[in-house]
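Start counting at 1 in the sequence shown, then tack on 68, and there's your number in this note's numbering.
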Amino acid sequence: MMCLILAAVPSVLSAASSQDQGVALDSGSQQSTAPAVVEKSVSTAAVTNGVATAYWLELKAYPSTNTRALWLNVDNDWRYLSNPASNIETSVQNAFANPDNFQVKVWYSGQKIVGLVVMTK
Numbered sequence: 069m070m071c072l073i074l075a076a077v078p079s080v081l082s083a084a085s086s087q088d089q090g091v092a093l094d095s096g097s098q099q100s101t102a103p104a105v106v107e108k109s110v111s112t113a114a115v116t117n118g119v120a121t122a123y124w125l126e127l128k129a130y131p132s133t134n135t136r137a138l139w140l141n142v143d144n145d146w147r148y149l150s151n152p153a154s155n156i157e158t159s160v161q162n163a164f165a166n167p168d169n170f171q172v173k174v175w176y177s178g179q180k181i182v183g184l185v186v187m188t189k
């Protein structure tokens with residue numbers, strides 16, 4: 069039914085540019101704007117998980133313009149977490165200090181860590 073109405077009165081709709089937030093309706097002296105549909109960008113990279121076998125904690129980033137990071141070796145490659153909180157650093161260090169009791173499970177997309185947990189074995 070909506071298509072029939074639009075086809076019957078094509079002069080009612082004005083073309084919306086990519087800058088517009090909606091479609092303007094021309095009905096003589098009144099003008100209204102339909103709400104815009106906002107699409108969130110969704111990453112198409114797959115998230116994979118694995119258990120970390122080694123870690124490397126940058127205590128001071130070099131060069132100084134770089135972001136400090138926690139690096140974990142997962143699936144035979146190094147993955148990073150930028151600006152880890154001190155509680156994350158401590159938990160990861162404790163897990164590697166007690167490998168018989170704990171392991172670090174990592175979720176990553178490419179080289180970037182998107183989630184991690186320290187868990188008992």
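Backbone N, C-alpha and C fix where the C-beta goes; we use that ideal spot for every residue, glycine too. Treat the numbers as computed from the prediction; the structure is a model and nothing was measured.
(request) Put valine 182 into one of helix, strand or coil per three-state DSSP. (result) strand
(message) According to DSSP, simplified to helix, strand and coil, what is valine 91?
(response) Confidence in valine 91 is poor, its pLDDT being 43 and thus under 50, which makes the residue's placement unreliable; the coordinate value appears in the next sentence. If DSSP states are grouped into helix, strand and coil, valine 91 belongs with coil.
(request) Check the C-beta distance from leucine 221 over to glutamate 157 and give it rounded, since I have them as a contact under 8 angstroms. (result) Since the displayed the chain opens at 69 and closes at 189, residue 221 lies outside it and no answer follows.
(request) Measure the alpha-carbon distance for serine 159 versus methionine 187 and round it to whole angstroms. (result) 10 angstroms
(message) Give me, in chain order, the residues of the same chain whose beta-carbon lies closer than 8 angstroms to that of lysine 128; leave out the 5 immediate sequence neighbours on both sides.
(response) Arg136
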